[in-house]
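Take a look at the structure set out below.
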Amino acid sequence: MRKTSPWLWLSALLVCLFLYIPLAVVVVYSFNDSRLNAEWVGFTWHWYQVLLHDEEMLQAAANSIFIAICASLIATTLGTMAGIAIQRYKLRLLPVLTITPVAMPEILLGVSLLLFFIQVLHLTLGLLSVLIAHITFCIGFVAIVVRARLAGMDESIFEAARDLGATPWQTFRLITLPLIMPAVVAGALMSFTLSIDDFVITFFTAGVGVSTLPLQIYSMIKIAVTPEVNAVSTLLMLLTLGMIMLATRFDKSVLRGQG
Amino acid sequence: MRSERLTRWLVTAPPLIFMLVFFVLPTLIVVAASFRYPGEYGGLAPLVPEGYTLETYRFFFSDVIYIEIFLKSLWVAALSTGLCILLAYPLALLITRLPKRWRDLMILLVVLPFASNFLIRIYAWMIILGPQNGFSLAVNTLLGFFGIEPVRLLFSPFAVIVGMVYVHLPFMVLPLYTNLERHDPAWLDAAQDLGANAWQRFWKVTWPLSLPGIYAGSALVFIPVLGMFAIPDILGGTGDILVGNLIKEQFLGTRDWPFGATLSLFLTLIVLAVAALAMRFSRKRLRHA
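Which chain is which? The protein sequence lines are A and B, in order.
Take any residue in the first sequence, count from 1 to its spot, add 204: that is its number in our numbering.
Take any residue in the second sequence, count from 1 to its spot, add 1157: that is its number in our numbering.
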């Protein structure tokens, strides 16, 4: 084992502090008995109670959860198909199409969908437009995780199933799906997290009538900062944290997919 | 054989059609919209036979301010990328020196803060850099000792850069770590036996071999920073406008969609160029290494 310089330890430690202190600040101030996020006054649950009685926030949360569930179900179905197709048929176009929206600055997908929904589909922006937009950027993530899982597998098991007379559907249901299940579940959880967390694309596709949690947080930050934002942030952090931990339990590669 | 082709079609078609309709088509619409006139009440003007024009392109080059905003965004992206390299390197290097079972845990620790919503991460800096807060007070007291006027940290270009670096740091740590993890410790031993000191071992061995990771991470930081509007919007002052803010303003503020489309098109081209460059460099390096 090579000796590690104390300077390396020190600088890495500082970077870790840089990563964690800001989030700790948000959490700590959510329990602070003061309207200002400035100095510690005393412990309170007050901001969480405010949150529980904030109708707009609750509606936004309900919208977010509804969209996230629908988006993750549909994106997981389409993304699993894409992952299988990319791996099995060595396609060229499909990987580019599914992954590019993830690799581009989000604003580009946001404005192009805004234009498309209004100019071409004449759709009133709302839950449906947000849902479609979220599916568009989630498919790629699912496809990557599913494909990675398939890539590590021996192709001959699928051939064996076929030789034994299984139809393509039977092969999928009895062999492929159980084998890729951890990746599918991980992909679904990731999609849920990405959807519930998305701000930029939702911002462009939500229109005026519909709000989601990130949109609500944004408008609160822009207009009036109160520790209620800290409270909702803390809860949202716990939710996404749980989701990610759960997803990594099913498939480790989602960690890499996130970055 | 026929059922094989049918299966292939059934698996491929749904995701392919979805992406063609909701990704490719909208992108093409942006291209088309950039050649249109703005509508009387915003949006696009109704399409008439001679409804296509180069007007928005002329407008873009008619005022140097738009090119300046693009240049400023490129500069902010470059600076943020550089700072991310500076912060990510020691951390990634340290993780590779840890025992195997600690490494995954450390990587998880790096990624976890970023599982939280990115608005929350920006908001955190709004609190920290706020004028009544300890950090701001400390900085200004320190400046006071040197007789420098107090500065405002929040709503400044400084805050924008801090936010950009904070939000995008893991995109640099992960590819860098993946690269550094593959380095054979024997290379450093060999360099040491040949008389290289710690500094030389880093600059002559570790750094050049880590360049593919640096290029990959740089693309992952540079590209999203280039299009970011929320961070300047929340942490920046009124003058801290980047391309993302300009595009957002065209679509949701002044509603000049053709101009907004032109701006997004330029941004797309720059992003594609950066991605192509990063891919080319990282591949070339791999071959040499």
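The beta-carbon is built from N, C-alpha and C at its ideal position, and this holds for glycine as well.
Boundaries (first-last residue) of the alpha helix (DSSP H) holding residue 449 of chain A: 431-454
Opening and closing residue of the alpha helix (DSSP H) in which residue 1406 of chain B lies: No alpha helix (DSSP H) contains residue 1406 of chain B, which DSSP labels as neither H nor E.
Sequence-distant residues of its chain with Cβ nearer than 7 Å to residue 1376 of chain B (five each side left out): 1431, 1432, 1435
Where the alpha helix (DSSP H) through residue 1329 of chain B begins and ends: Run containing residue 1329 of chain B: 1314-1338, per the alpha helix (DSSP H) assignment.
Distance between residue 304 of chain A and residue 1427 of chain B (C-alpha atoms, nearest Å): 14 Å
As assigned by DSSP and simplified to three states, the class of residue 1413 of chain B: DSSP places residue 1413 of chain B within a strand segment (E or B) once states are collapsed to three.
Contact with chain A by residue 1161 of chain B, beta-carbon distance below 9 Å: Closer than 9 Å: yes.
Residue ranges of each alpha helix (DSSP H) within the segment 283-366 of chain A, 4 or longer: 297-307, 310-319, 331-355
C-alpha distance - residue 375 of chain A paired with residue 1218 of chain B, whole-angstrom precision: 59 Å
Sub-9 Å separation of residue 416 of chain A and residue 264 of chain A beta-carbons: Taking 9 Å as the cut-off, the beta carbon of residue 416 of chain A is found closer than this to the beta carbon of residue 264 of chain A.
Opening and closing residue of the alpha helix (DSSP H) in which residue 374 of chain A lies: For residue 374 of chain A, the enclosing alpha helix (DSSP H) starts and ends at 372-375.
DSSP-derived helix/strand/coil call for residue 1195 of chain B: Residue state, collapsed to three classes: strand.
Per DSSP, the bridge partner or partners of residue 1200 of chain B: BP columns for residue 1200 of chain B point to B:1413.
Residue burial classification, residue 300 of chain A (beta-carbon count within 10 angstroms, cutoff 16): exposed
Residue 1212 of chain B: first and last residue of the uninterrupted alpha helix (DSSP H) it sits in: 1212-1219
Three-pair Cβ contact test at 8 Å for the segment 334-350 of chain A versus the segment 281-288 of chain A: yes
Distance between residue 391 of chain A and residue 445 of chain A (C-alpha atoms, nearest Å): 15 Å
Residues near residue 1407 of chain B in its chain [Cβ-Cβ closer than 6 Å; skip 5 each side]: Apart from the 5 residues on each side of it in sequence, residue 1407 of chain B sits with its Cβ closer than 6 Å to the Cβ of 1413, 1416, 1417 in its chain, given in chain order.
Cross-chain neighbours of residue 285 of chain A in chain B, by beta carbon under 7 Å: Within 7 Å of the CB of residue 285 of chain A, the CB atoms of chain B belong to 1168, 1171, 1172, in sequence order along the chain.
Within chain B, the residues that residue 251 of chain A reaches when beta carbons sit closer than 7 Å: Neighbours of residue 251 of chain A on chain B: none; closest Cβ ~14 Å, over 7 Å.
Against chain A: residues of the segment 1380-1394 of chain B by CB proximity under 9 Å: For the segment 1380-1394 of chain B, residues whose beta-carbon sits nearer than 9 Å to a beta-carbon of chain A comprise 1380, 1381, 1382, 1383, 1384, 1385, 1386, 1387, 1390, 1391.
Neighbour list for residue 1430 of chain B in chain A, Cβ cutoff strictly below 9 Å: Those within 9 Å of residue 1430 of chain B in chain A number zero; the least Cβ separation is about 13 Å.
Interface positions of the segment 307-324 of chain A facing chain B (Cβ-Cβ less than 8 Å), listed along the chain: 307, 308, 309, 310, 311, 312, 313, 315, 316, 317, 318, 319, 320, 322, 323, 324
For residue 1144 of chain B, three-class secondary structure by DSSP: This structure leaves residue 1144 of chain B out entirely; chain B is present only between 1158 and 1446.
In DSSP terms, what residue 194 of chain A is bridged to: Summary: the structure shown does not reach residue 194 of chain A, with chain A confined to residues 205 through 463, and so no result is reported for it.
Members of the segment 1396-1424 of chain B that neighbour chain A once the beta carbon cut-off is set at 8 Å: 1401, 1404, 1405, 1408, 1409, 1414, 1417, 1418, 1421, 1424
is_contact[residue 371 of chain A, chain B] using C-beta, thresh 9 Å: So yes, residue 371 of chain A belongs to the interface.
Residues that residue 270 of chain A contacts on chain B, provided the C-beta gap is smaller than 7 Å: Within 7 Å Cβ-Cβ: nothing; residue 270 of chain A doesn't reach chain B, min ~18 Å.
Inter-residue CB distance, residue 1186 of chain B and residue 268 of chain A (contact presumed, cutoff 8 Å): With 8 Å as the limit, residue 1186 of chain B and residue 268 of chain A do not qualify as a contact, their Cβ atoms being about 27 Å apart.
Between the CA atoms of residue 1365 of chain B and residue 403 of chain A - distance to the nearest angstrom: 38 Å
Pair within 9 Å by beta-carbon distance, residue 320 of chain A and residue 1183 of chain B: Taking 9 Å as the cut-off, the Cβ atoms of residue 320 of chain A and residue 1183 of chain B count as close.
Classification of residue 1354 of chain B by the beta-carbon crowding that lies within 10 angstroms, buried from 16 upward: exposed
Chain B within 9 Å of residue 367 of chain A, Cβ atoms only: no
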